[in-house]
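Laid out in structure tokens, this is it:
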């Protein structure tokens, strides 16, 4: 799909092998993440040295919990949106921080011992990942460690109080509130770092984070409380039983994350179909979707909206498959607006048949509508973004010349009276200027 | 469950009667009724919100956790009583007979688990600290008995009401990790009872429900994913009118073969996708070549022969089993080594590819082409047999033939070419009767 006025689309036609469409994993590098990592590292170093000098209290339990944290870290999983979690490890470490007694014997370990056990366990669990060539996500690990450290600092002094020892409900109330705060700490740390790295808006990032981390956080917190009470009822020997319910949750989440990744790959394959079939330039769908997502983020879309935008942008050209053959000469720009609308409609029908999210179909259906059409309701924001991103890519193609990009943005800006949403074009301009700053004249 | 056969009526009646007998015979000495009530409510909550698994009429719920906790806390008869609550599930859908069956089945499973628990020396009542870790052995035995009894009775009733096939399919579902995980929740509830009382049930439900939330999300994504795969197949078929429905049927045929030779369920699933996508590479072949009438030139023929590789290019990054990819790439290889694109022979050809080749050719022969009508199934079978050993793997030909004899084969409706559309291909690359051609000199 392309813009309505006749402009030649730039790009290398007829290339069959699409470029490797891999999203680069996001690497934290900002000051925020460095501070978090340094704080956690320092804390662990102090804790380990202190524990070595003083000697571990109840060393057998410490060993069991170190092992549990290590196993949990080994079984960490990737969540949608390039996130990482280690539910089993985190639950076990939190349980260690909140431990009241094992069987009849009260737990007497110190705050620093909890930190040392967690730090050592996490390191041991991360080693096999490093050996297998999967880089450690230090920021995530640091955030988890700081949350555990907070729970320990707040709860260890309380653990010997009669109110906590004698009445399980006061113990539970204290634990629940501390766990909630610990969860909030990780969410805030992740928000600060993500908002910095991805240039998203604070509040949007925070609510996204709450939505994604919420269910898992509840499961982790409840499991930690379960382990604490179960240790009292069963002793540490039966620790294997505590792990089973956590494994169920873990397996469910892993499968969910797995199918989501596969789904995105399938949508990409669908996008590649139009390219291999010769309907659009190689790499067009991928470039449009990246640009659209960046613009959407600039405009403050939530993660769910960005996901829908990404799907829609990847397959925005799918309606062209209904054409018997590619448009001759590759100049899809020569298609009159009416036909464009028809292709968009066909694409939307295909997507509806697929029972993908309904909003994706709607976004694709409205992508060729003009921004200001007195006869119709304005198209959804995502459609307007795709329309601008698509026009930009059709005019610039795979060219990396910043002068050309700036000229095209200027051209789109001239069309904002009717065709394009001025806010979208302004955001697009900012994104392009950031990506390829014009050299000083 | 539809209309019930006499055998099914009898079976459900026997199960219900046995459950009533077990509970009526008792004994329920000194049963803690309040504890029983809490467990029954817990079980009802678990049962009322099940997530469905593959065979659509079997619901899967964490109810195990509640019945197994009852086994420990209130003994076999009490557990059976908790199990009957399944009949009152708040979920809409089950018919009266299904409810009767579920209640009776859960009661009997729980009773069996309770008996096994007692035989293995498990102590009934709230476990004390001294009960651990010795209680774990009898508990695992009880959990195993519960799961086996549950699966056995459900398989039998499905066999009686829906044909033996789906019953066998359920038995093939291996007892998966979630089942055992849920069983462990049961012991956890029982153990926590000594510390936090009935609150244990609530505390344990939280992670359970989060897990179920994730499973529901998974199911949603799975549906969307399969829909997208279907679009991918439709995209292929829009290019070639006469092959409409072909992918779907090849997929079905491949699954029939895979089941007949006893493939594991996850491989069957993979071959289902492979069948749906096997011709996706045709998108990379110009439409005019696909729809050309008359003889193809060497170049055009070469373009067609490239389609398995093109297919691989499109889908290689979708992370399903590598086996499916290998199957798609090699589905036009022949046992005698004269196929394409690599000319592999015999066992060098991946198993998936050999299965796909049989199903592909069979569907091609039994559907209408522009240059000939659909052939009867019997003729197609004869043709498969004729090429068995040279083009096709004999074992898979036998598997398909016997599966088709048993379950039948749904041939496509005769397509009516839309006006203005080209008449269709003069050559079908899938047709085993088409003369074998090799590009270039050999």
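Residue numbers (my numbering), protein chains in the order written: chain A, 525 to 965; chain B, 2 to 443.
For glycine and all other residues, C-beta sits at the position ideal for the given N, C-alpha and C.
Does the region 688 to 702 of chain A touch the region 609 to 628 of chain A, meaning 3 or more C-beta pairs lie closer than 8 Å?
yes
Rank A:842, A:846, A:813 and A:844 by C-alpha distance to the C-alpha of residue 832 (chain A) and give the top, closest one.
A:813
Three-state secondary structure (DSSP) of residue 855 (chain A):
Confidence is the limiting factor: at residue 855 (chain A) the pLDDT is only 41, short of 50, which leaves the residue's position unreliable and the question unanswerable from this model.
Show which residues of chain B have a CB atom less than 7 Å away from the CB atom of residue 758 (chain A).
133 and 192
Does residue 368 (chain B) have its Cβ less than 7 Å from a Cβ in chain A?
no
Just to confirm my understanding: we take residue 567 (chain A), look at its own chain, exclude 5 residues before and 5 after, and list those with CB closer than 7 Å. What are they?
639 and 673
Residue 353 (chain B) to residue 705 (chain A), Cα distance in whole Å?
52 Å
Pull up the CB-CB distance for residue 139 (chain B) and residue 122 (chain B), whole angstroms please, since I reckon it's below 8 Å.
6 Å
According to the Cβ coordinates, are residue 39 (chain B) and residue 202 (chain B) closer than 7 Å?
yes
Residue 975 (chain A) (DSSP reduced to helix, strand or coil):
Here chain A covers residues 525 to 965 and nothing more, so residue 975 (chain A) does not appear.
Give me the residue from A:572, A:663, A:619 and A:654 with the minimum Cα distance to residue 607 (chain A).
A:663
Please state whether DSSP places residue 103 (chain B) in a helix, a strand or coil.
helix
Taking the alpha helix (DSSP H) that residue 379 (chain B) falls in, what are its first and last residues?
378 to 388
Below 7 Å CB to CB, which residues in the same chain sit around residue 755 (chain A) once its five sequence neighbours on both sides are set aside?
623 and 626
Please compile the residues from chain B whose C-beta is within a distance smaller than 7 Å of the C-beta of residue 692 (chain A).
196 and 197
Please list, in chain order, all residues of the same chain as residue 113 (chain B) whose beta carbon is under 6 Å from its beta carbon, the five residues on each side excluded.
146 and 150
Could you check whether residue 760 (chain A) and residue 581 (chain A) sit closer than 7 Å to each other, using their CB atoms as the reference points?
no
Please classify residue 925 (chain A) as buried or exposed, where buried requires at least 16 neighbouring CB atoms within 10 angstroms.
exposed
Apart from the five residues on each side of it in sequence, which residues of its chain come closer than 6 Å, Cβ to Cβ, to residue 551 (chain A)?
With a pLDDT of 47 at residue 551 (chain A), under the threshold of 50, the predicted position of this residue should be treated as unreliable, and no value is reported.
Which of the three DSSP states is assigned to residue 626 (chain A) in this structure?
strand
In the region 313 to 328 of chain B, which residues sit with their C-beta less than 9 Å from some C-beta in chain A, listed in chain order?
314, 315, 316, 317, 318, 319, 320 and 321
For chain A, is any of its Cβ atoms less than 7 Å away from the one on residue 44 (chain B)?
no
Which residues, in order along the region 773 to 787 of chain A, keep a beta-carbon less than 7 Å from a beta-carbon of chain B?
773, 775, 776, 777, 779, 780, 783, 784, 785, 786 and 787
CB-CB under 7 Å to residue 571 (chain A), same chain, minus the five flanking residues each way: which ones, in chain order?
636, 639, 640 and 643
Within 10 angstroms of the Cβ of residue 393 (chain B), are there 16 or more other Cβ atoms? Answer buried if so, exposed if not.
buried
Residue 249 (chain B) versus residue 276 (chain B) - alpha carbon distance
7 Å
Less than 7 Å between CB atoms is the rule here; does residue 647 (chain A) satisfy it with respect to chain B?
no
In or out: residue 92 (chain B) buried (at least 16 other Cβ within 10 Å) or exposed?
exposed
What's the C-alpha gap between residue 218 (chain B) and residue 772 (chain A)?
15 Å
Could you tell me if residue 431 (chain B) is buried or exposed, where buried requires 16 or more neighbouring beta carbons within 10 angstroms of its beta carbon?
buried
Measure the Cβ-Cβ separation of residue 290 (chain B) and residue 304 (chain B) and say whether it is below 7 Å.
yes
Compute the Euclidean distance between the alpha carbons of residue 806 (chain A) and residue 675 (chain A), then round it to the nearest angstrom.
52 Å
What span of residues does the alpha helix (DSSP H) with residue 267 (chain B) cover, start to end?
266 to 278
In chain order, what residues of the same chain have a beta carbon less than 7 Å from the beta carbon of residue 102 (chain B), not counting five sequence neighbours either side?
13, 16 and 158
Indicate the three-state DSSP secondary structure (helix, strand or coil) for residue 914 (chain A) in the structure shown.
helix
Do residue 929 (chain A) and residue 956 (chain A) have their CB atoms nearer than 7 Å?
yes
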